[in-house]
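Protein chains in written order, with the numbering used here: chain U, 1 to 397; chain C, 398 to 965.
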């Protein structure tokens, strides 16, 4: 059925179609309309689930962990400070190997307070063992939520489905909402191999001595390796059912591209316009959109980027004291390539705290690099210049 | 099962789990506070002048153990069926259920339990005979309660009263539409079943002397109450159609139907005024109540005023009589002055002040005075009297050795319930005195759970409850005779509960301050350190494993658990 939905609405419909059984959540802008939508669906009887309103995000995830440990399909949503408050349990959910799906609406971390988008909140959870999928459109959101359950339940790892604040969460688009019967065929009811059993009481996640801890961590890492293939397989299966296939990354006009622009989420939509215009002019530019960030598709990226002339990475995030996070990850993936195959890379940090990334910005980055005017490995884009960086770093106006 | 010596990763579960019990680790040494089950005083019992153990009894009713509850209620209270009809039930005013749908109908519950237990099998077991003898002067509620408790303690008790039958004001001052005499008779019969002798038509000081009693008994309790109306102090009040309210009421209640004027003024705002007005209405007289202050200051039980107004009785507030108007030999009117309220007086109520030039007449053919009562204390020796009251200290002892006192004439509690509570307490004092020959340091407290110890002397108000566990359930309507049917008969106005209704109502009780085995502590304890007692009520805390986290105390809906500091 075609519906006009904003990104948050698309999340709610995806969760409904996946037949989540327990939703444990706490409101936070810009995520709130996701759980509002779900609360309405539950109260109207459109979704047969237990909706648990809690007093904090920490408890929201605790509720999901408990219900999932008992074998239920669960969901929660959050943003920024809320995700940060969950952090302890974010680790727990992954370590306990629970197939929880969480929607995180990317919102910049405070201070200063911001409700607008950037990716530092979700990327701060990079090393917790969760899978991360960055979405570009409401259509991709609804499709990805459903796929996330399928992948999570196969590899027994939780997934964060991530969407930009406002640019996606609150922008209405035309969306094809799948039929329930089709989704039911795609996503069977959850049957976890290891769950709470009242007949056999046990302490879950108990103390593990040094002689075994590492084994459990090795199993988690193997699950991530396995998940790379599962995401591709599930994305293809979804394509067979809906005509919309998904991969770990999306390639746009990369054939013959010597200048490759890499980014994630809604900035990719803006980039397409710029790439099209440059191609018109005869500049051999193309776009590589990152979709699944964990597990990280290093091999795939190496294959796609090997031999390109120049690679430009746009990061709506920053690992302070180093590069943009996507930039450093991609660079490390290319390390094994022979010199001739390894393209020089240029990173841009832009759009933090919801600052708009316009076509002109992307055009400026690409032309500057292509024409050799920009040679710095990392540049902050569209930001006030520092006359004296050492002074600017610490001075109080 | 976990493979103990895995060769491959596949031999391990997906994440760690353990089926070893947590009791392996003794976490009890971590704590600096220890939870314990401590009964506290619920807000209802805190306001009960008779000391009824309301929450425990209601918990029993809720479990369907209705007879147990009735037995508990009669532990020290001989008059639940009576009080369940005439008590002003202050307990309900601060019932914590008020915040969740309306106070529990404790008053109606007391009536239900009282009406269920007219069989001596419901009485507590009598202690072995002590050989001590106690005389009680006055067979009103204070005297009955004292006699009942002393008889239960094994003493030989005789009660003297100048009226033809025991009951005091319950018989001569409370009309049948509030308290059918059959109910009173059955409760008195229960007291008699314990061996208490009621010697009626015997006025101490006239038919028998106090010295005689002191010679024959080890202790004497004066529980005489108020039976004399005070005069109005206005011209014309010596007219034969000006009646003493207490005496007129007594005559009507004993079945007399005197020749009375068609319309009469009743002067006063207390229970006697209401009872006289409503009784006159029932025998065909049109009553007009005249009260010098406003409705707010009326000492009568508010429900009784409501009922009187529902029956259409005319009330004049802020009105004081100044003269009984007599023409020829007939009363034609009561002349009155309008009043306004000034500053509060020593009673705490605002003092009425006459409004000059406001005189007016209420046409009536007769007047009844009901402006307060006093006692006849001539039988007592001088040191035991203090003006119009019995001189008694907080231990119920008069300055004369062996003479104790309770009830309105001593303390002016003004309600049957206060009298029952005082009877109960004076019995405790006399029992101690007879046992050891010395007065106790202090009398038992007015409020308390008489049937079990309160380990932490604190009252549980709504702030101490965990509201997450309580949802609003509305209070039931108590059946009541329609006003039209009341006016012409002395049939009982208020109805009671069926057993089904009583159980449903008891289930609304929050059981404040007392464990009712809701099991929240059991479910929440993260150390599995709470266990059910075997073959006994309640739970035990395993101190070897309780680490004093306090979750059980936090999650106890009813403040039945407390954290106590551990001193090693």
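For every residue, glycine included, the Cβ atom is placed at its ideal position computed from N, Cα and C. Remember, it's a predicted structure, so these values are computed and weren't measured experimentally.
- Here DSSP, grouped into helix, strand and coil, assigns residue 624 of chain C to coil.
- Here the alpha carbon of residue 363 of chain U sits roughly 29 angstroms from the alpha carbon of residue 144 of chain U.
- Proximity of the stretch 463-471 of chain C to the stretch 483-495 of chain C falls short of the contact definition, fewer than three beta-carbon pairs being nearer than 8 angstroms.
- In this structure, residue 674 of chain C sits away from residue 618 of chain C, with a CB-CB distance that is not shorter than 8 angstroms.
- The beta-carbon of residue 216 of chain U is placed less than 8 angstroms from the nearest beta-carbon of chain C.
- The Cβ-Cβ distance between residue 892 of chain C and residue 768 of chain C does not fall below 8 angstroms.
- The C-beta of residue 412 of chain C comes closer than 8 angstroms to at least one C-beta of chain U.
- Within the stretch 184-204 of chain U, those residues whose Cβ lies closer than 8 angstroms to any Cβ of chain C are, in chain order, 193, 194, 200, 201, 202, 203 and 204.
- For chain C, the residues of the stretch 83-98 of chain U that bring a beta carbon within less than 8 angstroms of one of its beta carbons are 95, 96 and 97, in chain order.
- The alpha-carbon of residue 89 of chain U is positioned some 18 angstroms away from that of residue 196 of chain U.
- For residue 416 of chain C, the nearest beta carbon of chain U is closer than 8 angstroms to its own beta carbon.
- With respect to residue 79 of chain U, residue 146 of chain U sits apart: the two C-beta atoms are not nearer than 8 angstroms.
- Rounded to whole angstroms, the separation of the alpha carbons of residue 210 of chain U and residue 366 of chain U is 50 angstroms.
- When the five nearest sequence neighbours on each side are left out, the beta carbons in the same chain lying within less than 6 angstroms of the beta carbon of residue 776 of chain C are those of 601, 602 and 607, in order along the chain.
- In the DSSP annotation of this structure, the continuous segment of the beta strand (DSSP E) that includes residue 434 of chain C starts and ends at 430-434.
- Look at residue 763 of chain C here: in three-state DSSP terms it is strand.
- Counting along the chain, no beta strand (DSSP E) covers residue 236 of chain U; the unbroken alpha helix (DSSP H) around it starts and ends at 210-242.
- For residue 172 of chain U against residue 5 of chain U, the beta-carbon gap comes to about 7 angstroms, under 8 angstroms, which counts as contact.
- For residue 50 of chain U, there is no enclosing alpha helix (DSSP H); the enclosing beta strand (DSSP E) covers residues 50-53.
- Less than 8 angstroms divides the Cβ of residue 804 of chain C from the Cβ of residue 621 of chain C.
- Rounded to the nearest angstrom, the gap between the Cα atoms of residue 46 of chain U and residue 189 of chain U is 17 angstroms.
- Here the C-alpha atom of residue 11 of chain U lies approximately 11 angstroms from the C-alpha atom of residue 137 of chain U.
- By the beta-carbon neighbour count (other beta carbons within 10 angstroms, threshold 16), residue 185 of chain U is exposed.
- In this structure, residue 561 of chain C lies near residue 598 of chain C, with their beta-carbon atoms less than 8 angstroms apart.
- Each of C:412, C:453, C:502 and C:440 was checked against the Cα of residue 69 of chain U, and the nearest Cα belongs to C:412.
- Residue-level contact by beta carbon holds for residue 219 of chain U and chain C, with a gap shorter than 8 angstroms.
- Taking 7 angstroms as the cut-off between beta carbons, the residues of the stretch 145-170 of chain U near chain C are 156, in sequence order.
- Residue 941 of chain C and residue 77 of chain U have their C-alpha atoms spaced approximately 41 angstroms apart.
- Identification of chain C residues near residue 208 of chain U by a Cβ-Cβ cut-off of 7 angstroms yields 413, ordered along the chain.
- Taking the C-beta atoms as reference points, residue 715 of chain C is found nearer than 8 angstroms to residue 691 of chain C.
- Residue-level contact check: residue 472 of chain C does not touch chain U, since none of the beta carbons of chain U fall below 8 angstroms from its beta carbon.
- In this structure, C:747 is the residue among C:728, C:727, C:747 and C:796 with its C-alpha nearest to the C-alpha of residue 736 of chain C.
- Separation of the CB atoms of residue 670 of chain C and residue 682 of chain C is rounded to 14 angstroms, and the pair is thereby denied contact status at 8 angstroms.
- In this structure residue 596 of chain C touches residue 557 of chain C by the C-beta definition: roughly 5 angstroms separates them, less than 8 angstroms.
- Contact with chain U is found for residue 419 of chain C, since one of that chain's Cβ atoms lies less than 8 angstroms from the residue's Cβ.
- Around the beta carbon of residue 396 of chain U, fewer than 16 other beta carbons lie within 10 angstroms, which makes this residue exposed.
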